[in-house]
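Engineer:
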Amino acid sequence: MAKIPNVILTGSTGWFGQSFIYTFVKKFGLDNINNLYLISSDGRNFRHKILNEDFQTSTIETVKIDNKIDLFVQSAFLTRDKLTKFGQKKYIEVNQEIIEKTDVLVDKCSPTKRVVISSGAVLDKNDIYGSMKLKEEESVRISSSDLSIIFRVYAALGINTPFNSWSAVSDLISSANRSNTIDMKSKNNVIRGFVSFEKLSQLILEISANKERKKFQIIAAIEHVNSLKEVASVISMIKGTNINGRIDFNEISNIYTSDPRNFLNMLKKYNLNMSSLENDIHETLQSPHLN
């Protein structure tokens with residue numbers, strides 16, 4: 198049996214965090230959940246809807262680490278939508294505090310490998326969220342761990358997908374679940390680079406198990422590059438619903454993606470089968486958060 202890694206997971210109650218917990222439990226079983234140190238901002242209990250289990254988290258300050266940490270997965274961050282709630286100044290302060298406290302914990306536990314869930318938004322100098330994620334990336338460059346990898350996410354899918362006002366996919370699926378019509382809100386040809394958070398979690402666990410040591414890497418986490426029109430068409434095919442809205446191809450396309458080849462090569466290297474867009478959409482449609 199494969200060695201069960203000791204893993205610290207920050208942002209454990211968020212979208213990626215719950216996707217990682219789900220993937221960890223599927224691979225290693227609930228009996229080994231104590232190998233997973235769950236960290237949240239307030240140390241609360243939460244219920245994982247898919248696993249139908251309650252989990253206890255710790256804060257960065259209160260977590261008690263009894264074992265050598267094989268993998269540190271860093272996904273805690275205030276998302277872009279929190280800007281309205283906090284205001285720009287507070288938003289920057291809180292995210293800066295997250296970065297600094299996380300670095301302190303990394304130094305304390307000296308993980309063998311460190312993985313950060315970042316964003317393609319780092320390439321937009323005018324985006325506050327992106328600029329803070331870039332600061333997070335810069336802090337990882339001087340990480341003391343033997344291996345640090347940053348995965349830049351552009352758009353996500355998966356069975357743990359929550360409803361978010363800023364997620365076009367969750368909006369399309371929620372629209373399909375509410376009625377027999379999928380509403381396309383944008384008239385532009387919107388193109389996104391998608392990854393399943395469960396697939397990304399699988400890859401991270403495989404990387405953790407591999408003893409190969411490489412220098413700092415930044416990888417665009419992209420398995421599919423598709424338009425939202427194509428995504429809506431797949432949802433429509435599976436659900437048997439109509440699509441309301443037309444794309445004006447005379448308008449400038451809204452493109453948010455990157456080169457997926459490095460990510461696809463990593464999937465191949467670790468013998469992880471590539472999924473079709475249809476399969477990932479089908480999984481996403483099973484999310485209990487979107488019904």
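FYI, in the working numbering the residues of the sequence shown are 198 to 488.
Glycine is no exception: its CB is placed at the ideal position from the N, C-alpha and C atoms.
Using 10 angstroms around the beta-carbon of GLN399, count the other beta-carbons present and answer buried if the total reaches 16, otherwise exposed.
Structural biologist: Result: buried.
Engineer: Say whether the region 372-382 touches the region 298-308, bearing in mind that this needs 3 or more beta-carbon pairs closer than 8 Å, one atom from each stretch.
Structural biologist: No contact exists between the region 372-382 and the region 298-308.
Engineer: What did DSSP end up calling PHE217 once you bin it into helix, strand or coil?
Structural biologist: Three-state DSSP puts PHE217 in a helix.
Engineer: Taking the C-alpha atoms as reference points, what is the distance between VAL431 and PHE283?
Structural biologist: So the two alpha carbons sit approximately 36 Å from each other.
Engineer: Would ILE178 pass as a contact of LEU206 if the rule is Cβ separation under 8 Å?
Structural biologist: In this structure the chain extends from 198 to 488, so residue 178 is not present and cannot be described.
Engineer: If you compare alpha carbons, which of GLY327, SER315, ASN488 and ARG443 is closest to ASP368?
Structural biologist: When each option's Cα is compared against that of ASP368, the closest is ASN488.
Engineer: If we count Cβ pairs, one from each stretch, closer than 8 Å, do we get three or more for the region 397-413 versus the region 216-224?
Structural biologist: Touching, yes.
Engineer: Taking its Cβ as the centre, do 16 or more other Cβ atoms sit within 10 Å of ILE339, making it buried, or is it exposed?
Structural biologist: Looking at its Cβ environment, which holds fewer than 16 other Cβ atoms inside 10 Å, ILE339 is exposed.
Engineer: Give me the Cα-Cα distance between ILE262 and LYS298, rounded to the nearest whole angstrom.
Structural biologist: So the alpha carbons of these two residues sit roughly 16 Å apart.
Engineer: Go through the region 451-483 residue by residue and report every complete run of the beta strand (DSSP E) that reaches 3 residues or more, in order.
Structural biologist: Counting whole runs of 3 or more residues, the region 451-483 contains the beta strand (DSSP E) stretches 451-453.
Engineer: Spatial neighbours of LYS279 within its chain, please: CB distance less than 7 Å, with the 5 preceding and 5 following residues excluded, ordered by chain position.
Structural biologist: Answer for LYS279: TYR288, listed in chain order.
Engineer: Take the Cβ of ASP477 as the centre, count every other Cβ of all protein chains shown within 10 Å, and call the residue buried at 16 or more, exposed below.
Structural biologist: Buried is the call here.
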